[in-house]
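Same order as they appear, the protein sequences are chains E and B. Going by the numbering used here, the first residue of the first sequence is number 4, and it counts up by one from there. Going by the numbering used here, the first residue of the second sequence is number 35, and it counts up by one from there.
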Amino acid sequence: MNTIVKRHTLSVLVENTAGVLSQVSRLFSRKGYNIESLAVGTTDDPAVSRITIEVMCGEQQIGQIINQLRKQFSVYSVRLLPPEQSIRRELVLIKVKAESREVRNEVIQIANIFRASIIDVSTQSLTLAIIGQESKDDALEKLLAEFGILELVRTGMVALERGEATIRNNSGNKVREEFDLGKNIL
Amino acid sequence: MLMRGSQIVMECLLEQGVDTVFGYPGGTILNIYDEFELHGYSQKIHHYLTSHEQGASHAADGYARSTGRVGVCFATSGPGATNLVTGIATAYYDSSPVVFITCNVSENLIGKDSFQEVDITGITMPITKCNFLVKDVNELADVIREAFAIARSGRPGPVLVDIAKNITAIQGQYEYLPLAEHPNHGRLATLLRRSNRDLKSPEPNRGDIDKLLELIAQSQRPMVLVGGGVIRSKGAVPEFRRFIETLDAPVGSTIMGGGACPGNHPLFTGMVGMHGSHASNMATAECDLLIAIGCRFSDRVATDPPSFAQNAKIVHIDIDRAEIDKNVQTYHHIIGDARRVLELLNEKLPQHDFSAWRAQVFARKELPHKKDGILHPHEILETVSALTNGDAIIATDVGQHQMWSCQYYHFSRPGQLLTSGGFGTMGFGLGAAMGATAGNPGKVVVHCTGDGCFRMNCHELATVEHYRFPIITIIFDNRTLGMVRQWQNLIYDKRFSQTTLDRGPDFVKLAEAYGLKGFRVKTQAEFEDAFRQALAAGCGCVIDCAIDMDAMVHPMVSGGSPVTEFLLH
Chain E
4 MNTIVKRHTL
14 SVLVENTAGV
24 LSQVSRLFSR
34 KGYNIESLAV
44 GTTDDPAVSR
54 ITIEVMCGEQ
64 QIGQIINQLR
74 KQFSVYSVRL
84 LPPEQSIRRE
94 LVLIKVKAES
104 REVRNEVIQI
114 ANIFRASIID
124 VSTQSLTLAI
134 IGQESKDDAL
144 EKLLAEFGIL
154 ELVRTGMVAL
164 ERGEATIRNN
174 SGNKVREEFD
184 LGKNIL
Chain B
35 MLMRGSQIVM
45 ECLLEQGVDT
55 VFGYPGGTIL
65 NIYDEFELHG
75 YSQKIHHYLT
85 SHEQGASHAA
95 DGYARSTGRV
105 GVCFATSGPG
115 ATNLVTGIAT
125 AYYDSSPVVF
135 ITCNVSENLI
145 GKDSFQEVDI
155 TGITMPITKC
165 NFLVKDVNEL
175 ADVIREAFAI
185 ARSGRPGPVL
195 VDIAKNITAI
205 QGQYEYLPLA
215 EHPNHGRLAT
225 LLRRSNRDLK
235 SPEPNRGDID
245 KLLELIAQSQ
255 RPMVLVGGGV
265 IRSKGAVPEF
275 RRFIETLDAP
285 VGSTIMGGGA
295 CPGNHPLFTG
305 MVGMHGSHAS
315 NMATAECDLL
325 IAIGCRFSDR
335 VATDPPSFAQ
345 NAKIVHIDID
355 RAEIDKNVQT
365 YHHIIGDARR
375 VLELLNEKLP
385 QHDFSAWRAQ
395 VFARKELPHK
405 KDGILHPHEI
415 LETVSALTNG
425 DAIIATDVGQ
435 HQMWSCQYYH
445 FSRPGQLLTS
455 GGFGTMGFGL
465 GAAMGATAGN
475 PGKVVVHCTG
485 DGCFRMNCHE
495 LATVEHYRFP
505 IITIIFDNRT
515 LGMVRQWQNL
525 IYDKRFSQTT
535 LDRGPDFVKL
545 AEAYGLKGFR
555 VKTQAEFEDA
565 FRQALAAGCG
575 CVIDCAIDMD
585 AMVHPMVSGG
595 SPVTEFLLH
């Protein structure tokens, strides 16, 4: 049994109704996996939401979770995004203590290097916004730590596949068809 | 046309052809119950009032299992709804199609910890196929139609519809829609459109079928393992019997597969797993091809998954893709409805002859039973079998009597064995027997139970008496929780912690108190006499059978051990 734990990114299309998010997250907690990151929002179709979930677990476990997800009636599509073929981004807002002009200047310089934007300034603080993957965000966070981070918030990763492939473009996928068979409405 | 929400519920039940409902009224579901009187729905739908919501939930489940139709159960909000939970889980684990309709408090009271308010959709999320909270009267009909379609489609299972009380009181739009039209309208149509392909006529993959036929052609020692999927799939049993007879392979069964293969069939080896027969368990280890149909390799069947059928290529046929490779690693699988898969296999499968392999499997015999004048469990069941011509519906509770019932009563058709196989619910049997009696008038229904299980729901004897259900309850009375005691005997060094039931009630007096007939028997002759009287009585009867406290279920494999390593045989 494969027990190498690694990060998996799942993209899930669901019906946009109450309770669907807890239905999806329940499958992770039932297996005892902590969700690393979760982002939800509607898609181009307002009746459909897209959930991006990142979880640390083994190969076999993620397979079981995907199987259980696909069984749910409110789940339309599930895609495991391979790291090498997908783009992942998250937005981080960081409020830094900046009580003097020198500190503010220094923080602004660091922000420029990281292509972070300053979205709020006060006499006591600066708030930065940065979009990226964990390596870039963590590096910035580390540099800002010495000034004193007052607050930090992440949106959670969102991800898409590279190229023209989409989550809906699954035709000819035998596994997907097999799940549809199980949901058949006669 | 405009009508009250509660009337829409009734009309939707009629659309589905529902004529039987089990339930228990209460404050929030009053409007729906009012319809039985106000608009005369009691003429078209028979409502059975139980003693407790749990009994109603098991009755609806037993009705569904024994008739193949969708069971329906009503309950009120709060404790009414939570009393259903064990029944819902029981139905879920055994894939039984039941629609549970509960009412919640009015919308303006939801979320305020109101009197008898509970988040029942949240609670039942893990134990239903799907559930709904209805807060718009114009969606009510649509949701109920979807609930029934989901409950009976694919792998069947329970669905819960929770309706806010005010929705049942206000007027909404309802137009009659024939059942065949349901998939073309509303939410069901959306569900179908969102799926990639036309789901109305799902077909198994022909390449997968051909691959199994090839594997069969190469096999020297094939074996079939049948599970509840063949029982739930409509029309699968005749195809299954044709399949096994053409294949000429030994057939083992899970507890839920009881009735797929007749118990006295020359190819039938008995149950597989923890209390599997010697022949079955050894055959799973010796076969080179295991064709598992509609089963899920639970820990009671594949007690040690890595060693289970380790010399065989396992081919798994199931309608639920999520079951594939969940508990055991398979070599090949076919996804589809058991009936359709078996039909396609039968079209091409040539007649085989595995007589040498069969002889090897059937050479293994079970231990002979002792004959010493005291009443043995197998004697009870053999007597029941003989006096009912093997045609009775048997509802069981959980434990030793359940295993004995499966071992010694020869089931011959689907829906004949009603037992909580997956969830193992003590107290299931009497409720299920009531549902079976309501759904199968004229059939003999026997409820096999233990003294422990019976006390869990024996208050339903009041329901048995009121509706004149001629259920015969047989108590395998060993004055202990027999199965737990068996484990304590074998694994816990005879420390019988809290399993001895050295207390009342007097079951004969209890039966009489409920207006039923009671018998107490100590020998086979006494039992036979009592059972004959019970069959002729035409009313509910309780037969309290004194059996040995240390009678055990043979054979036995302990959990976690390979099925070939018997602790007892």
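Quick reminder that beta carbons are idealized off the backbone N, C-alpha and C, glycines included.
Judged by pairs of C-beta atoms under 8 Å, the region 69-85 of chain B touches the region 479-498 of chain B, as three or more such pairs exist. Below the 7 Å Cβ cutoff, chain B contributes 356 as neighbours of residue 71(E), in chain order. Boundaries of the beta strand (DSSP E) harbouring residue 108(B): 105-109, taken from the DSSP string.
Runs of beta strand (DSSP E) with 3 or more residues, each lying fully within the region 169-229 of chain B, are found at 193-198, 205-207, listed in chain order. The beta carbon of residue 402(B) sits no closer than 8 Å to any beta carbon of chain E. By the C-beta criterion, the region 23-30 of chain E is judged to be in contact with the region 49-59 of chain E, since at least 3 inter-stretch pairs fall below 8 Å. Cβ proximity to chain B below 9 Å picks out nothing from the region 148-166 of chain E. By the neighbour-count definition (other C-beta atoms within 10 Å, threshold 16), residue 241(B) is an exposed residue.
Listed along chain E are 67, 70, each with a C-beta nearer than 8 Å to that of residue 360(B). Taking 8 Å as the CB threshold, residue 159(B) lines the interface with chain E. By the Cβ test, the region 111-130 of chain B is in contact with the region 59-73 of chain B, since at least three Cβ pairs between them sit closer than 8 Å.
Distance between residue 166(B) and residue 62(E), taken at the CA atoms: about 33 Å. Counting only runs of at least 3 residues, the region 487-561 of chain B fully encloses the following beta strand (DSSP E) elements, listed from N- to C-terminal order: 506-511, 551-555. In terms of beta-carbon proximity, residue 33(E) lines the interface with chain B, with at least one pair separated by less than 8 Å. Nearest to residue 549(B) by alpha-carbon distance, out of 537(B), 571(B), 262(B), 535(B), is 571(B). For residue 154(E), the uninterrupted beta strand (DSSP E) segment begins and ends at 152-157. Rounded to the nearest angstrom, the gap between the Cα atoms of residue 145(B) and residue 160(B) is 21 Å. Using a C-beta cut-off of 8 Å, the region 310-319 of chain B makes contact with the region 393-409 of chain B, since at least three inter-stretch Cβ pairs fall below that distance.
At a cut-off of 8 Å, the C-beta of residue 184(B) has a neighbouring C-beta in chain E. Short of 6 Å from the beta carbon of residue 75(B), and not among the five residues preceding or following it, lie these beta carbons of its own chain, in chain order: 44, 69. Fully contained in the region 407-459 of chain B are the following beta strand (DSSP E) runs of length 3 or more, in chain order: 427-430. Flagged as an interface residue toward chain E: residue 225(B), by a C-beta distance shorter than 8 Å.
The criterion of a C-beta distance shorter than 8 Å is satisfied by residue 99(E) and residue 153(E). Those residues of the region 135-146 of chain B placed with their C-beta closer than 7 Å to a C-beta in chain E do not exist.
Here DSSP, grouped into helix, strand and coil, assigns residue 44(B) to helix. Per DSSP, residue 143(E) is not a residue of any beta strand (DSSP E); the alpha helix (DSSP H) it occupies stretches across 137-148. When the beta-carbon positions are compared, residue 482(B) and residue 408(B) stay at least 8 Å from each other. CA-to-CA, the gap between residue 189(B) and residue 372(B) works out to about 10 Å. The region 472-487 of chain B makes contact with the region 507-524 of chain B; the number of CB pairs closer than 8 Å reaches 3 or more. With 16 or more other Cβ atoms inside 10 Å of its own Cβ, residue 52(B) counts as buried.
Assigned with DSSP and collapsed to three states, residue 462(B) falls in helix.
Around residue 155(B), the beta-carbon contacts reaching into chain E at under 7 Å are 22. Using a Cβ-Cβ distance cut-off of 8 Å, the region 342-351 of chain B and the region 284-298 of chain B are not in contact, since fewer than three pairs of beta carbons, one from each stretch, lie closer than that value.
Beta-carbon to beta-carbon, residue 72(E) and residue 15(E) are separated by about 6 Å, close enough to satisfy the 8 Å threshold. The region 445-457 of chain B and the region 413-432 of chain B touch, with three or more beta-carbon pairs separated by less than 8 Å.
Under the criterion of beta carbons closer than 8 Å, residue 356(B) and residue 74(E) qualify as touching, at roughly 5 Å.
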